[in-house]
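Numbering that gives the first Met the number 0 applies: residue 0 is where the sequence shown begins, and numbers increase by one. Each residue gets a CB set at the ideal place from its N, CA and C atoms; glycine is no exception. Treat the numbers as computed from the prediction; the structure is a model and nothing was measured. Take a look at the structure below.
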Amino acid sequence: MSLYVILLSLHNIVRWAVLILGVLALIQTLQGSGAGRTITAGARRAVSSFMGSVHLQVLLGLLLFAYTGMQKIPAFADGRASFKWEHVGLGLLVAVFATLANGAARRGMTEAGRVRSAAIWTGLALLLSLLAMPWFRPLLRLFTAG
Ligand code: HEM
């Protein structure tokens, strides 16, 4: 099995962690956004787990990007010409937004303000993850090239 298939499979699998943890973080922060509610320890944990999964995904993406470049493997040859750059750009923005969500959950101005901005940044990060996703690729890749 090649390193390419290993990295591609890990990047494929971790995207489900990103999506599931993102939905959980959004639900938790939205529940806390009602009038006069405070951010719970559970919501804060959900937002930081989401950020952790996104950071891992970006790290795997960067390794894949470097490896495909070095091995001259055409990345996203099966997508439209601009897809590779859209994927990288949106993927990096997801990491920025998930990091802002985590910062907001910890250091907002007021309790209500911080849970609301954590919910907004989490929602935007999740939306961009859906847009960045190559849905034309296998939904689950278990260490096979095809
Ligand atoms: C939240 C962010 C991201 C998500 C959810 C995501 C998701 C995915 C998925 C599902 C695939 C297809 C895997 C497969 O074919 O089995 C993929 C491929 C890939 N991604 Fe990402 N990705 C993200 C960020 C990034 C970033 C930041 C980079 C680069 C810096 C990157 C580089 C790549 C590369 C090079 C491929 C392989 C293309 C190919 O082999 O043709 N990804 N990504």
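Set against 7 angstroms, the gap from the CB of Ala131 to the closest heavy atom of ligand 1 is smaller. Our two residues, Leu59 and Pro137, have alpha carbons roughly 17 angstroms apart in a direct line. With fewer than 16 other CB atoms across the displayed protein chains lying within 10 angstroms of its CB, Ile72 is exposed. The three-state reading of DSSP puts Ile19 in helix, counting H, G and I together. Cα atoms of Ser116 and His86: separation of roughly 25 angstroms, rounded to the nearest angstrom. When DSSP states are grouped into helix, strand and coil, Lys71 belongs to the coil group.
The nearest non-hydrogen atom of ligand 1 is 7 angstroms or more from the C-beta of His54. In this chain, the alpha helix (DSSP H) harbouring Arg105 covers Phe82 to Arg106. Per the C-alpha coordinates, the member of Gly78, Gln70 and Leu25 positioned closest to Ser47 is Leu25. Under the three-state reduction of DSSP output, Ala45 falls in the helix class. DSSP, reduced to helix, strand and coil, places Arg140 outside both helices and strands of the structure shown, so it counts as coil. Taking the CA atoms as reference points, Ala94 sits about 10 angstroms from Trp120.
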